[in-house]
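Since the structure comes first, as structure tokens, the remarks are kept for the end.
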Amino acid sequence: DQQVKQNSPSLSVQEGRISILNCDYTNSMFDYFLWYKKYPAEGPTFLISISSIKDKNEDGRFTVFLNKSAKHLSLHIVPSQPGDSAVYFCAASVSNTGKLIFGQGTTLQVKP
Amino acid sequence: GAGVSQSPSNKVTEKGKDVELRCDPISGHTALYWYRQSLGQGLEFLIYFQGNSAPDKSGLPSDRFSAERTGGSVSTLTIQRTQQEDSAVYLCASSTGDRVTYGYTFGSGTRLTVV
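Chains as they are written, first to last, in my numbering: chain A, 1 to 112; chain B, 1 to 115.
Below, the structure is given as structure tokens:
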């Protein structure tokens, strides 16, 4: 039972354009969401998070949007840079507790 | 240390052997987590330690898997009688508590290959 789903295995965008990565979840108890970035041979690194009491959180070039009614969140990267090329995982937790449930990941390629 | 340290970085073992994977969390982090990533899959939760509380073992896939955390610091994940489906990257992470507001800090992982 995949509670957090990233249905697009890969995404390719041109440098300077917007990257939009999507994530869907099924568990309505999830109330805290995070995005992680992973380079090859490294562990994932925390990128940005959002609480369910918000619908948007912004940090520099990265913005996360949450649509609770649709159980959907997205990560926008603008402008995209070649260094953003990595695997992006979304994750969710219940009541901001320790255990995170991760999606399968989306590989982003930003072309110069 | 400055980050989460995992050893070994790579491990090749024969089917049926036991393996031990080690994790040194960031000093002072009370919470420690083990995940694994199989080829083409997301990160699968295995086990979670928080302070002196009983660990959350709900993600361990079988009784061949066990983990300990000694002295609230170093953790060892043990896989007995390894099978080929155990091949994966095993990731350890730590955090300051049971809140994930700022996310976990992950180590670089141990790539386990069972042949």
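C-beta atoms are modelled at their ideal positions from N, C-alpha and C, and glycine is treated no differently.
Between the Cα of residue i and those of the options, spot the shortest distance and give me the residue it belongs to.
| i | options | result |
| --- | --- | --- |
| Leu108/A | Gln3/A, Val4/A, Lys5/A, Glu15/A | Glu15/A |
| Ile50/A | Leu73/A, Glu42/A, Ser80/A | Leu73/A |
| Gly105/A | Asn57/A, Glu58/A, Lys99/A, Leu75/A | Leu75/A |
| Ser8/A | Phe65/B, Ser9/B, Gly40/B | Gly40/B |
| Glu42/A | Thr113/B, Val115/B, Ala93/B, Val114/B | Ala93/B |
| Ser12/A | Asp84/A, Lys71/A, Asn67/A, Lys99/A | Asp84/A |
| Pro79/A | Asp59/A, Val87/A, Gln2/A | Asp59/A |
| Asn67/A | Tyr39/A, Asp31/A, Ile101/A | Asp31/A |
| Thr13/B | Gln84/B, Gly71/B, Gln37/B | Gln84/B |
| Ser28/A | Pro112/A, Gln81/A, Ser69/A | Ser69/A |
| Gly28/B | Lys15/B, Lys17/B, Gly71/B | Gly71/B |
| Thr105/B | Arg36/B, Ile26/B, Lys15/B, Ser62/B | Ile26/B |
| Gln81/A | Gln2/A, Gln3/A, Val4/A, Arg17/A | Arg17/A |
If I'm right that residue i touches residue j with Cβ under 8 Å, what's the distance once you round it to whole angstroms?
| i | j | result |
| --- | --- | --- |
| Gly3/B | Thr30/B | Contact flag wrong, Cβ pair sits at about 17 Å. |
Report the three-state DSSP secondary structure of residue i (helix, strand or coil).
| i | result |
| --- | --- |
| Thr26/A | coil |
| Asp56/B | strand |
| Gln2/A | coil |
| Gln83/B | coil |
| Thr70/B | helix |
| Asp24/B | strand |
| Asp84/A | helix |
| Thr30/B | coil |
| Asp59/A | strand |
| Val78/A | coil |
| Tyr36/A | strand |
| Leu39/B | coil |
| Asn7/A | coil |
| Arg111/B | strand |
| Leu21/A | strand |
State yes or no: is the C-beta of residue i within less than 8 Å of the C-beta of residue j?
| i | j | result |
| --- | --- | --- |
| Leu47/A | Lys37/A | yes |
| Gly42/B | Phe89/A | yes |
| Arg64/B | Arg81/B | yes |
| Val110/A | Ser10/A | no |
| Lys56/A | Phe65/A | yes |
| Phe165/B | Lys99/A | What the structure shows of chain B is the stretch from 1 to 115, and residue 165/B is not part of that stretch, so it cannot be assessed. |
| Ala88/B | Ser53/B | no |
Within its chain, find whatever has a CB closer than 6 Å to the CB of residue i; leave out the 5 residues flanking it on each side and keep chain order.
| i | result |
| --- | --- |
| Cys23/A | Gln6, Leu73, Cys90, Gly103 |
| Ser7/B | Arg22 |
| Asp24/B | Ser5, Val74 |
| Val87/A | Lys38, Gly105, Thr107 |
Taking 7 Å as the limit between beta carbons, can you name the residues of its chain near residue i, skipping five residues before and five after?
| i | result |
| --- | --- |
| Ile47/B | Trp34, Pro55, Asp56, Lys57, Gly59, Leu60, Ala67 |
| Asp86/B | Ile79, Leu112, Val114 |
| Pro40/A | none |
| Ser95/A | Asp31 |
Does residue i get closer than 8 Å to chain D when you measure Cβ to Cβ?
| i | result |
| --- | --- |
| Gly60/A | Absent here is chain D; the protein component of the structure consists of chains A and B. |
Output needed for residue i: all residues of its chain with C-beta closer than 8 Å, excluding positions within five of it in sequence on either side, in chain order.
| i | result |
| --- | --- |
| Lys11/B | Val19, Leu21, Thr110, Arg111, Leu112, Thr113 |
| Phe62/A | Trp35, Leu47, Ile48, Leu75, His76, Ile77 |
Indicate, with yes or no, if the ligand MN has a heavy atom lying under 7 Å from the CB of residue i.
| i | result |
| --- | --- |
| Leu100/A | The ligand MN is not among the ligands present in this structure, which contains no ligands whatsoever. |
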